[in-house]
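Quick note, the sequences are listed as chains A and B, same order.
Residue numbering for the first sequence follows numbering that gives the first Met the number 0, starting at 0 and increasing by one per position.
Residue numbering for the second sequence follows numbering that gives the first Met the number 0, starting at 0 and increasing by one per position.
Where is the CB? At the ideal position from N, CA and C, for every residue including glycine.
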Amino acid sequence: MNRLDQLESRSIYIFREAFNRIDRLAMLWSLGKDSNVMIWLARKAFFGHVPFPVMHVDTGRKFPEMYEFRDQYTKEWGLDLLREECPPIEETDPDLPPAARSAARKTEGLRRALQVHGFNALFAGIRRDEQATRAKERVFSPRGEGGQWFFKDQPPEFWDQYKTDFPPGTHIRIHPLLHWTETDIWEYTRREMIPTISLYFARDGKRYRSLGDKDITFPVASNAATLNDIIAELNTTTVAERSGRAMDHEAEDAFERLRADGYM
Amino acid sequence: MDSGSPHVDTSADPLSSGRDLMRIVIVGHVDHGKSTLIGRLFHDTGSLPEGRFESIQEMCQRRGVPFEWAFLMDAFQAERDQGITIDTSQIWFKTALRDYTIIDAPGHKEFLKNMITGAAQSDGALLVIDAEEGVQEQSRRHGYLLHLMGVRQVAVAINKMDAVGYAQEVFEKVEADYGAYLHSIGIEALHMIPVSAREGDNVAEKSKAMPWYKGPTVLEVLDNYVLPAPPVAQPLRLPVQDVYKFDKRRIIAGRIESGRIRVGDRVLFSPSNKTACVKTIEAWSARQDAVLPQEAGAGESVGITLDEQIFVERGELISEETQPPPETDVFCARLFWLGETPLTVGREYRLRIGPLEVGVSVQSIDRIIDTDDLSLKDGTQVVRNQVAEVVLRTRRIVALDEFGDNASTGRFVLVDGYDIAGGGIISMEGYADQRELITRRYTNIQRVPHAVSVEERIRRQGHEGGVLWFTGYSGAGKSTLAVQLERRLFDLGFQIYALDGDNVRHGLNANLSFSPEDRSENIRRVGEVAALFARAGILTVTAFISPYRSDRDRAREAAGKSFREVYIRADLETCAERDPKGLYRKAHAGEISDFTGVSAPYEEPQSPDLIIDTARHSVEECLDELVAYVEENFRLQKTIGDKTG
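Here it is, written out as structure tokens:
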């Protein structure tokens, strides 16, 4: 088995554990490179099926390419799509810096969607290498009723034994891609020929490394126009993946606060 | 609309794909410099993302502290403010050889569960020790736990050499101290490296300040670690993770932990002991031209279909018929405890081995191990962060492996309430593989009804047949009492026969040794013979140590209602003093192995029907008590006689 085979096998194991142990699951689909790989892996785990709904928490401020992508592949992949709206910015915590406030819309949208549908757990396609607080995450990560992350007291997790027993009312985030890197995602996308939104590929010397909302996500300078270019670029770049995400940089602990509050 | 396919070009650079990934955990006592070492490693290999160095500088300035590499990994505000790593973190970097995940494990005792979480994901470890402070409590504990968890590649960085003037004697002192400790727990460190993480000595580059050190740098040591390969050459172990019904196929899903599986193989499911042939190995692929695989090996998450519809469920273990896993309901374990509530004898937990989950109780806590000086002590509970040797008893027979035979099916966690409260590794030493004892070789056998009824036998003999099963240590008085009881009951008109251990081994069981398996088989046969005697209307007294509870339970099952477990009780000291056959002397001299009470376990009866205490009562008193018990329990009462007559 090569590295991609090993990553894939572990993700499948996680999917199957979650599916067996936890009722009422859904998967978050942000339409980005990671969540597309995540859907792909679910289809591998369940032999072509995605046996739970996929949820797009929509800020209404995504790029048009993203909406097109969503509509096409919902149909093609036979997904049970739930589209959830986020509340307006006025309903978020005014103490947060502006970009973080925008991100907080998603947290709140998610919180409301969870209440409506009563899901016990959500799959989320975060990776440890994206951001330092995500590096400390668990594969099965219990959350408070409002989605808060008690990061100072996380359950032990070893030998692929995950915490799957919870008092009623606990909400869980499950992270099947936690052990992948950005390069792994692209190499796997290339190997499996997984469809990808065009914004990731360079046009006029710029491309997106990470896709968020239109107003708070910025492209990076790049000439990487193909998957091979992207993989080659990642092997040499020292620019952080989320450098184009404004909300991470507003305060030392801006992202930590967002995540503790339930942000992905 | 744009999809990925137009961006795929087939001239892929083969070098950029499939680089090996090695996971290294960095452990050590708090403040010995783990985070600094990681920071230095990243800095010196040019692996820091742009602006990261500057942002750490800024964080330090804001707090008015000198530059602190620990901030690279300590992502939580609370960690930076208190200067303590709370939770394990991971970070990636690459050398010319391969990619690395560096796992930073907290050194603080309070966060041991997080250290274990980090360590359990690693292929190799780097232990960090402060040259000035020397070997500390956590240095030893972490070394011990790494070994217990099966991390076999370990090197030691003796850090802060700059603080001791780069003195060779200081290095050699710590090297000797820690080397001796590691050796005592069965670890040979691959290297001990004198390092100054702060100054960068021997991290990525050889130190000019320590010309006396001729060995490799930290980076060279890491590059020399061997990437463990999945154990495809071992016997097949495929735990059933789930069973799906998709598209009219019934697919058994799971990850192959060891060995290989091929289409057409006949496989065995344990503990249900069903067999079937592998019809297909299922795999989903988006490609139209994809064909199903014909075989799969260790590490792969697979789905298989079978040639017949047998009922199997999550937790069963698939193997080859010829190399099945042992089955048992009792085993020894070495475990570390992380629970807030101590582990206590008699308490129930849930045991998980891979996807298997079963109720388990703690039969005994044999030893609590002080990881500091490796001293052993007795205790009735294991508190948080302690390591102990215990005996666990599962609610039903399960299939598992010894850790030494198969790491992934030989380790477990214990769940207490909602929490994973401990983990450990399995040893079957002293306990029998019960598979042999419960396997029926022929199934086309039917019972022939007797022409003489049980009631007729009872009427003629004046008493019921039955089994008085004496159990207890060698020297407790079982044989003495059995033989004399036989005499007295015979004189009272009972049809009675005493089955003695030594006698049976002269004939019926002459082919059995004293290994745990053979001892269990010995008891199984005696149990069946005693049950036959009882059905023949004869009262049977058996005198066998029969140390395992599961064996006695099996004998009870064979004889049914007429079985009585009689605990012939005397403490081990009394028995050794009596030593009627001179066996204790031999066992203590090491001439007999697997001797109950000395080198093999004895499991006391939990709720015996009768306890005869030979340490406190004379033989006559004991016999009186036994006779009274038999009269009461087995003599045909007039009333019953009237009814049946």
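Cross-strand partners of residue i (DSSP beta bridge)
{"i": "ASN158 (chain B)", "result": "B:ASP129"}
{"i": "CYS670 (chain B)", "result": "No answer is possible for residue 670 (chain B): it lies beyond the span of chain B, which begins at 0 and ends at 644."}
{"i": "PRO238 (chain B)", "result": "B:LEU316"}
{"i": "GLY465 (chain B)", "result": "B:LEU538"}
{"i": "PRO166 (chain A)", "result": "None; PRO166 (chain A) has no bridge partner."}
{"i": "LYS93 (chain B)", "result": "B:ASP98"}
{"i": "THR393 (chain B)", "result": "B:VAL359"}
{"i": "GLY191 (chain B)", "result": "The residue you asked about is not Gly; residue 191 (chain B) is Met in the sequence shown. B:VAL155."}
{"i": "ASP200 (chain B)", "result": "B:SER195, B:GLU204"}
Cross-chain neighbours of residue i in chain A, by beta carbon under 9 Å
{"i": "VAL412 (chain B)", "result": "PRO155, PHE157, TRP158, GLN160"}
{"i": "PRO48 (chain B)", "result": "THR236, THR237, VAL238, ALA239, GLU240, SER242"}
{"i": "TRP283 (chain B)", "result": "ARG42, LYS43, ALA44, PHE45, PHE46, GLY47, HIS48"}
{"i": "PRO229 (chain B)", "result": "MET0, GLN5"}
{"i": "ASP19 (chain B)", "result": "ASN1, ARG2"}
Segment limits, beta strand (DSSP E) that includes residue i
{"i": "ASP623 (chain B)", "result": "ASP623 (chain B) -> not in any beta strand (DSSP E); alpha helix (DSSP H) instead, spanning 618-633."}
{"i": "TYR348 (chain B)", "result": "347-352"}
{"i": "ALA25 (chain A)", "result": "24-27"}
{"i": "VAL359 (chain B)", "result": "355-368"}
{"i": "GLY500 (chain B)", "result": "Looking at the DSSP string, GLY500 (chain B) is not in any beta strand (DSSP E); the run it does join, the alpha helix (DSSP H), is 500-505."}
{"i": "CYS85 (chain A)", "result": "Run containing CYS85 (chain A): none; DSSP gives neither H nor E here."}
{"i": "HIS55 (chain A)", "result": "53-57"}
{"i": "PRO175 (chain A)", "result": "Here PRO175 (chain A) belongs to no beta strand (DSSP E), and DSSP marks it neither H nor E."}
Residue i and residue j closer than 8 Å at C-beta
{"i": "SER34 (chain B)", "j": "MET58 (chain B)", "result": "no"}
{"i": "ILE544 (chain B)", "j": "SER606 (chain B)", "result": "no"}
{"i": "ARG568 (chain B)", "j": "ILE522 (chain B)", "result": "no"}
{"i": "GLY178 (chain B)", "j": "HIS146 (chain B)", "result": "no"}
{"i": "GLU402 (chain B)", "j": "ARG410 (chain B)", "result": "One point to set straight first is that residue 402 (chain B) is Phe, not Glu, in the sequence displayed. It is a contact, given that the beta carbons lie within the stated cut-off."}
{"i": "GLU315 (chain B)", "j": "PHE268 (chain B)", "result": "yes"}
{"i": "LEU198 (chain A)", "j": "TYR187 (chain A)", "result": "no"}
{"i": "PHE633 (chain B)", "j": "LEU538 (chain B)", "result": "yes"}
{"i": "ARG236 (chain B)", "j": "SER257 (chain B)", "result": "yes"}
{"i": "ALA533 (chain B)", "j": "THR541 (chain B)", "result": "no"}
{"i": "GLU320 (chain B)", "j": "THR274 (chain B)", "result": "yes"}
{"i": "LEU350 (chain B)", "j": "LEU391 (chain B)", "result": "yes"}
{"i": "ILE38 (chain A)", "j": "ILE173 (chain A)", "result": "no"}
{"i": "VAL29 (chain B)", "j": "ILE115 (chain B)", "result": "no"}
N-terminal and C-terminal residue of the alpha helix (DSSP H) that residue i is part of
{"i": "HIS42 (chain B)", "result": "33-43"}
{"i": "ILE229 (chain A)", "result": "226-233"}
{"i": "ASP241 (chain B)", "result": "No alpha helix (DSSP H) holds ASP241 (chain B); the beta strand (DSSP E) holding it covers 241-245."}
{"i": "GLY421 (chain B)", "result": "Segment 418-426 is the beta strand (DSSP E) holding GLY421 (chain B); no alpha helix (DSSP H) there."}
{"i": "PHE170 (chain B)", "result": "167-183"}
{"i": "THR182 (chain A)", "result": "181-191"}
{"i": "CYS59 (chain B)", "result": "51-62"}
{"i": "GLY109 (chain B)", "result": "Inspection of the sequence shows that residue 109 (chain B) is occupied by Glu rather than by Gly. Element bounds for GLU109 (chain B): n/a, residue is neither H nor E."}
{"i": "GLU107 (chain A)", "result": "97-116"}
{"i": "GLU454 (chain B)", "result": "453-460"}
Rounded Cβ spacing between residue i and residue j (contact assumed at less than 8 Å)
{"i": "ILE55 (chain B)", "j": "PHE70 (chain B)", "result": "5 Å"}
{"i": "ALA44 (chain A)", "j": "LEU121 (chain A)", "result": "Actually they are not in contact, since the Cβ atoms of ALA44 (chain A) and LEU121 (chain A) sit about 16 Å apart, beyond 8 Å."}
{"i": "VAL361 (chain B)", "j": "LEU342 (chain B)", "result": "6 Å"}
{"i": "VAL565 (chain B)", "j": "TYR583 (chain B)", "result": "22 Å between Cβ atoms; not a contact."}
{"i": "ALA130 (chain B)", "j": "VAL155 (chain B)", "result": "Not confirmed; about 11 Å, so no contact."}
{"i": "LYS162 (chain A)", "j": "ILE419 (chain B)", "result": "6 Å"}
{"i": "GLY117 (chain A)", "j": "ARG23 (chain A)", "result": "6 Å"}
{"i": "TYR348 (chain B)", "j": "ASP415 (chain B)", "result": "5 Å"}
{"i": "GLN380 (chain B)", "j": "ALA134 (chain A)", "result": "With a Cβ gap of about 36 Å, GLN380 (chain B) and ALA134 (chain A) do not count as contacting."}
{"i": "THR132 (chain A)", "j": "GLU240 (chain A)", "result": "Actually they do not touch by this definition, with Cβ atoms about 14 Å apart."}
Per-residue contacts from residue i into chain A (C-beta, under 8 Å)
{"i": "ILE115 (chain B)", "result": "PRO155, PHE157"}
{"i": "GLU299 (chain B)", "result": "MET0, ASP4, SER8"}
{"i": "ASP418 (chain B)", "result": "PRO154, LYS162, ASP164"}
Neighbour list for residue i in chain B, Cβ cutoff strictly below 9 Å
{"i": "ARG127 (chain A)", "result": "SER88, GLN89, ILE90, TRP91, THR100"}
Contacts that residue i makes with chain B (C-beta to C-beta distance below 7 Å)
{"i": "TYR207 (chain A)", "result": "Per Cβ cutoff of 7 Å: no residues; TYR207 (chain A) is ~13 Å from chain B at best."}
{"i": "ILE11 (chain A)", "result": "SER300"}
{"i": "ALA102 (chain A)", "result": "Ordered by position in chain B, no residue passes the 7 Å Cβ test against ALA102 (chain A), which lies about 17 Å from the chain."}
Chain B residues whose Cβ lies nearer than 8 Å to that of residue i
{"i": "ASP119 (chain A)", "result": "Correcting the residue type first, residue 119 (chain A) is Asn in the shown sequence and not Asp. Neighbours of ASN119 (chain A) on chain B: none; closest Cβ ~14 Å, over 8 Å."}
{"i": "ILE184 (chain A)", "result": "What ILE184 (chain A) touches in chain B: nothing, since even the nearest Cβ is about 12 Å away."}
{"i": "ASN19 (chain A)", "result": "GLN240, ASP241, ARG313, PRO354"}
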